[in-house]
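Chemist:
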Amino acid sequence: MNTTVPTHRRTLWVIVAIMVILASAGIMKRQHHRAELQREATNDAIMQVTVLTPLLASTEHDLILPGTVMGWRDAAIRARSNGYIRSWVKDIGDTVRSGDILATVTSPEIDAQTEQARADLATAQANLQLARITAERWQHLVKTRTVSQQDLEDKEGDLKAKITTVASARAHLQNLMALKGFELIRAPFTGVVSARTIDIGDLVSASSAQELFHLVDNQQLRIMVQVPQEQQHGIQAGIPIDLSVAEHPGHKFPATLLKLSGGLDPASRTRTVELRVDNADHLIQPGDYATVDFHATSGQSWVIPITALIFRGAGLQLATITPQQKVHLQTVIPGRDFGKSMEIHSDWVQNRSIIDNPSDSISEGQTVKIVGRRTLSLNDGDKSP
Numbered sequence: 008m009n010t011t012v013p014t015h016r017r018t019l020w021v022i023v024a025i026m027v028i029l030a031s032a033g034i035m036k037r038q039h040h041r042a043e044l045q046r047e048a049t050n051d052a053i054m055q056v057t058v059l060t061p062l063l064a065s066t067e068h069d070l071i072l073p074g075t076v077m078g079w080r081d082a083a084i085r086a087r088s089n090g091y092i093r094s095w096v097k098d099i100g101d102t103v104r105s106g107d108i109l110a111t112v113t114s115p116e117i118d119a120q121t122e123q124a125r126a127d128l129a130t131a132q133a134n135l136q137l138a139r140i141t142a143e144r145w146q147h148l149v150k151t152r153t154v155s156q157q158d159l160e161d162k163e164g165d166l167k168a169k170i171t172t173v174a175s176a177r178a179h180l181q182n183l184m185a186l187k188g189f190e191l192i193r194a195p196f197t198g199v200v201s202a203r204t205i206d207i208g209d210l211v212s213a214s215s216a217q218e219l220f221h222l223v224d225n226q227q228l229r230i231m232v233q234v235p236q237e238q239q240h241g242i243q244a245g246i247p248i249d250l251s252v253a254e255h256p257g258h259k260f261p262a263t264l265l266k267l268s269g270g271l272d273p274a275s276r277t278r279t280v281e282l283r284v285d286n287a288d289h290l291i292q293p294g295d296y297a298t299v300d301f302h303a304t305s306g307q308s309w310v311i312p313i314t315a316l317i318f319r320g321a322g323l324q325l326a327t328i329t330p331q332q333k334v335h336l337q338t339v340i341p342g343r344d345f346g347k348s349m350e351i352h353s354d355w356v357q358n359r360s361i362i363d364n365p366s367d368s369i370s371e372g373q374t375v376k377i378v379g380r381r382t383l384s385l386n387d388g389d390k391s392p
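Next comes the structure, spelled out in structure tokens:
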């Protein structure tokens with residue numbers, strides 16, 4: 008009996024079985040390797056981020072703005088009487104006291120009218136004297152029935168009219184005398200003459216807007232500053248303020264905040280601040296360009312580094328992380344820029360995890376993995392973290 012064929016068949020089946028086992032092992036190994044690669048690719052696709060928590064810090068800062076220097080009182084001196092300049096006695100740079108004569112005006116028309124008014128008053132007074140005597144005489148005659156009561160009443164009425172005429176003539180003369188008094192141009196307050204625009208012989212008129220002299224009180228100065236809307240936080244009475252001008256480099260003049268406007272200028276979006284500076288030594292001149300340094304403070308506010316900000320078309324944003332490790336982009340209201348950091352006017356940032364140095368491609372709802380946390384602190388001498 009031939010046993011060779013079954014033996015070969017068994018050998019063939021053993022070889023096939025071995026080959027199947029080897030093939031199955033190779034397939035399983037490749038599947039495991041593919042799954043491992045897929046896991047690594049998934050891990051690589053999840054963005055790894057470093058987060059930070061906003062810092063609640065004191066935001067004392069120096070706000071430096073330009074200011075306009077004005078005299079404490081400032082007046083354009085104009086004519087109150089028509090005529091010609093007879094003389095002027097004060098010139099630019101002269102210090103004057105209240106009531107000092109600056110110039111004199113000669114007014115021939117007013118002089119003539121004054122003389123006529125005096126004559127009219129004298130005539131009216133004479134007529135009044137005659138009417139008074141006549142009325143008194145008629146009072147005696149009516150008692151003897153020489154004249155009628157009606158005649159007496161006529162004379163008494165004429166006396167009253169003459170009294171009114173005298174009063175009118177006297178008022179007219181006083182008005183002309185007052186106008187004549189305006190021939191003396193006087194200083195309305197103590198100050199310095201900053202401009203003179205007239206000379207002897209110039210024609211001046213009370214109805215003209217021509218400025219004869221300009222007078223400023225520079226013992227104290229008024230400084231007007233326009234503060235932008237976003238920088239007005241902390242500008243309040245009592246804060247230290249320094250003033251500097253180009254002609255005295257390094258010299259700081261202390262200023263006092265007097266008033267804050269009740270609203271913003273709709274055109275410039277600024278708020279007007281009025282300051283006062285003592286200028287007894289006259290080192291600052293009205294009209295100077297001044298630099299005003301407000302040592303302002305806004306108490307405490309949230310501060311974040313510039314590196315955490317996202318600048319996109321939707322506005323300034325921060326990338327926060329939800330409990331599900333998802334990205335949420337939140338728009339914030341910026342405050343003052345401190346250079347390396349920025350103030351944020353949004354209380355929702357408290358205790359939020361904010362991504363530092365977010366990628367330009369970061370998007371809403373993206374899954375991320377936190378791999379580090381940055382601790383913020385204030386550098387010495389700097390208001391920024």
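Numbering (our numbering), first residue to last: 8 to 392. Ideal Cβ positions, reconstructed from N, Cα and C, are used throughout, including at glycine.
#1: Which residue comes first and which comes last in the beta strand (DSSP E) that contains threonine 298?
#2: Just to check my reading of the structure: valine 339 and glutamine 324 have Cβ atoms closer than 8 Å, yes? What is that Cβ distance to the nearest angstrom?
#3: Below 8 Å, how does it come out for the stretch 120-137 and the stretch 239-254: are there three or more Cβ pairs, yes or no?
#4: Quick one: Cα of lysine 413 to Cα of aspartate 249, how far?
#5: Using a 10 Å radius around the Cβ and a threshold of 16 neighbouring Cβ atoms, would you call proline 235 buried or exposed?
#6: Could you pull the start and end residues of the alpha helix (DSSP H) that alanine 83 belongs to?
#7: Compare the C-alpha of alanine 343 against each of Met54, Leu59, Ala64, Leu19 and name the closest.
#8: Quickly, what does DSSP pair leucine 401 with across the bridge? List them, please.
#9: Going by other Cβ atoms of all chains shown within 10 Å of its Cβ, with 16 needed for buried, is aspartate 158 buried or exposed?
#10: What number of angstroms, rounded off, separates the C-alpha of glycine 208 from the C-alpha of threonine 130?
#11: Whose C-beta lies closer than 6 Å to the C-beta of glycine 322 among residues of the same chain, with five residues either side of it excluded?
#12: Per DSSP, which residues does lysine 97 bridge with? Please list them.
#13: Alpha carbon to alpha carbon, what distance is there between alanine 168 and glycine 294?
#14: Using the Cα positions of alanine 48 and glutamine 55, report the straight-line distance between them to the nearest angstrom.
#15: Which residue from Ser31, Asp69, Ile192 puts its Cα closest to that of threonine 111?
#16: Taking 7 Å as the limit between beta carbons, can you name the residues of its chain near tryptophan 145, skipping five residues before and five after?
Modeler: With the structure as the only source:
#1: Translated into the one-based positions of the sequence shown, residue 298 becomes position 291. Element bounds for threonine 298: 296-303.
#2: Position 332 of the sequence shown, counting from 1, holds the residue named residue 339. Position 317 of the sequence shown, counting from 1, holds the residue named residue 324. 7 Å between Cβ atoms; contact.
#3: Short answer: they don't touch.
#4: With the chain covering 8 to 392 only, the question about residue 413 has no answer from this structure.
#5: Indexing the sequence shown from 1 puts residue 235 at position 228. Classification of proline 235: exposed, given that the 10 Å Cβ count is below 16.
#6: In the sequence shown, the residue the question calls residue 83 occupies position 76. From DSSP, alanine 83 is part of no alpha helix (DSSP H) but of the beta strand (DSSP E) over 68-84.
#7: Translated into positions along the sequence shown, residue 343 becomes position 336. According to the sequence as given, residue 343 is arginine; it is not alanine. When only C-alpha atoms are compared, the closest one is Ala64.
#8: Not covered by the structure: residue 401. The range shown for the chain is 8 to 392.
#9: Taking the sequence shown and counting its residues from 1, the one referred to as residue 158 is at position 151. Classification for aspartate 158: exposed.
#10: As a position in the sequence shown, residue 208 is number 201, starting the count at 1. As a position in the sequence shown, residue 130 is number 123, starting the count at 1. Their backbone Cα atoms lie some 36 Å apart in a straight line.
#11: Reading the sequence shown from its first residue, position 315 is the one you call residue 322. Take glycine 322, set aside five residues on each side of it, and the residues of its chain with a beta-carbon closer than 6 Å to its own are Thr338, in chain order.
#12: Working through the sequence shown from its first residue, we reach residue 97 at position 90. None; lysine 97 has no bridge partner.
#13: Here residue 294 is taken as the residue at index 287 of the sequence shown, counted from 1. Here residue 168 is taken as the residue at index 161 of the sequence shown, counted from 1. Alanine 168 has its alpha-carbon roughly 59 Å from the corresponding atom of glycine 294.
#14: Counting from one through the sequence shown, the residue named residue 48 turns up at place 41. Counting from one through the sequence shown, the residue named residue 55 turns up at place 48. With a pLDDT of only 49 at alanine 48, under 50, the local geometry of the prediction cannot be trusted, and no value is derived from it.
#15: Working through the sequence shown from its first residue, we reach residue 111 at position 104. Here the closest residue by C-alpha is Ile192.
#16: As a working note, residue 145 is residue 138 in the sequence shown. Excluding its 5 nearest sequence neighbours in each direction, tryptophan 145 has C-beta neighbours in its own chain below 7 Å: Val154, Asp158, Leu159, Lys162, listed in chain order.
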